[in-house]
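Working notes for the structure below.
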DNA sequence: GCCCAGGTATAAA
DNA sequence: TTTATACATGGG
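In my numbering, the protein residues as written are 500 to 774.
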């Protein structure tokens, strides 16, 4: 994707291939909040220990005060600016024409390349929970155990959380998930679960390893792989997916989508949620 | 008050 | 292997 550095920051010419609201509100992330006082569509969030405001101005997306260095080192990968999602959408529909309605139900979504530990931890918190409350718990996790960063706090490392007990997490009001968070932090911190290796290991091996964590099932594993490791080939084999495929799409085999099964799943999720 | 949320562990059939 | 239930909490 073309970008240029201006006095405003880094500017991306995107047309309709990057919709901030669809990207940030689709349930893939919990650390971006809309700037309600802004006259244009604008969000502020923190990733990789950097705070960023990003907003739309016509056909341009502006990363406020973002240097070339920060864009190249952080946000280029995070926003996956070199992937052409319109091409992927076309390929999904070619492979599975019955998914056209799902693909067209939402546009401009980009799959963020979040940090693996943050994604794992966030989706452990997400289980049997709603998005506003998930965001609240994640926010309190950062305020209590993260480092000051811009006007907020960074996401605490697995090493930091691994030294705590479920009682220490009481201020989060995460309920039964507190012990899951600790178990995940300990396994990641001591290497029993190696997130770094999951960027290119066989997807089934990754899923298995993640599911050794208490509180991590097929769904949390899939979300971790898709959103935290940017494994676009990840797809869930859980109850929700089976249900969506059997009722709405009548037996469609999503695994035939191969390397784009994960993205297809995102469209299916959005479509079935809004039926 | 009541229902339920991007699920999973656990027990029981 | 499949199915039922509890789980902590609080948003709507």
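Glycine included, each C-beta is placed from N, C-alpha and C at the ideal position.
Values in this document were obtained by computation on a predicted structure and should not be read as measured data.
In angstroms, rounded to a whole number, what distance separates the CA positions of residue i and residue j?
i: residue 724; j: residue 737; result: 15 angstroms
i: residue 669; j: residue 642; result: 13 angstroms
i: residue 735; j: residue 666; result: 32 angstroms
i: residue 769; j: residue 581; result: 23 angstroms
i: residue 602; j: residue 751; result: 15 angstroms
i: residue 717; j: residue 740; result: 10 angstroms
i: residue 759; j: residue 578; result: 17 angstroms
i: residue 552; j: residue 694; result: 28 angstroms
i: residue 773; j: residue 508; result: 36 angstroms
i: residue 506; j: residue 546; result: 23 angstroms
i: residue 549; j: residue 647; result: 10 angstroms
i: residue 653; j: residue 617; result: 10 angstroms
i: residue 525; j: residue 631; result: 12 angstroms
i: residue 523; j: residue 662; result: 31 angstroms
i: residue 628; j: residue 544; result: 21 angstroms
i: residue 535; j: residue 612; result: 25 angstroms
i: residue 585; j: residue 757; result: 17 angstroms
i: residue 679; j: residue 576; result: 29 angstroms
i: residue 749; j: residue 604; result: 18 angstroms
Tell me the residue span of the beta strand (DSSP E) that contains residue i.
i: residue 643; result: Element bounds for residue 643: not the beta strand (DSSP E) but the alpha helix (DSSP H), 630-644.
i: residue 658; result: Taken as a continuous stretch (DSSP letters only), residue 658 belongs to no beta strand (DSSP E), being part of the alpha helix (DSSP H) at 657-661.
i: residue 574; result: Run containing residue 574: none; DSSP gives neither H nor E here.
i: residue 533; result: 531-533
i: residue 546; result: 541-546
i: residue 559; result: 559-563
i: residue 549; result: 549-556
i: residue 599; result: Residue 599 -> not in any beta strand (DSSP E); alpha helix (DSSP H) instead, spanning 599-603.
i: residue 503; result: 502-505
What residue range does the alpha helix (DSSP H) around residue i cover?
i: residue 621; result: 615-624
i: residue 772; result: 760-772
i: residue 703; result: 702-709
i: residue 522; result: 519-524
i: residue 685; result: 677-688
i: residue 594; result: 584-594
i: residue 741; result: 738-746
i: residue 721; result: 717-722
Taking 8 angstroms as the limit between beta carbons, can you name the residues of its chain near residue i, skipping five residues before and five after?
i: residue 555; result: 519, 539, 540, 541, 561
Once the 5 residues before and after residue i are set aside, which same chain residues still bring their CB inside 6 angstroms of it?
i: residue 728; result: 615, 697, 698
i: residue 567; result: 504
i: residue 606; result: none
i: residue 766; result: 601, 602
i: residue 533; result: 542
i: residue 720; result: 706, 709, 710
i: residue 564; result: 508
Excluding the 5 residues preceding and the 5 following residue i in the sequence, name in chain order all residues of the same chain whose CB lies nearer than 7 angstroms to its CB.
i: residue 596; result: none
i: residue 570; result: 502, 509, 562
i: residue 572; result: none
Of all the options the options, which has the alpha carbon lying nearest to the alpha carbon of residue i?
i: residue 762; options: 749, 564, 704, 583; result: 583
i: residue 514; options: 608, 594, 600, 713; result: 608
i: residue 639; options: 673, 626, 600; result: 673
i: residue 626; options: 675, 574, 690, 756; result: 675
i: residue 754; options: 732, 742, 747, 692; result: 732
For this session: Decide if the stretch 588-603 is in contact with the stretch 500-513; the criterion is three or more beta carbon pairs, one per stretch, under 8 angstroms apart.
Result: With the rule of 3 Cβ pairs closer than 8 angstroms, the stretch 588-603 does not count as touching the stretch 500-513.
For this session: Determine, using beta-carbon pairs with one atom in the stretch 656-664 and one in the stretch 675-685, whether at least three such pairs fall under 8 angstroms.
Result: Result yes; three or more Cβ-Cβ pairs closer than 8 angstroms.
Exercise. Counting pairs of beta carbons, one from the stretch 515-531 and one from the stretch 610-627, are three or more of them closer than 8 angstroms?
Worked result: With contact defined as three or more Cβ pairs closer than 8 angstroms, the stretch 515-531 and the stretch 610-627 are in contact.
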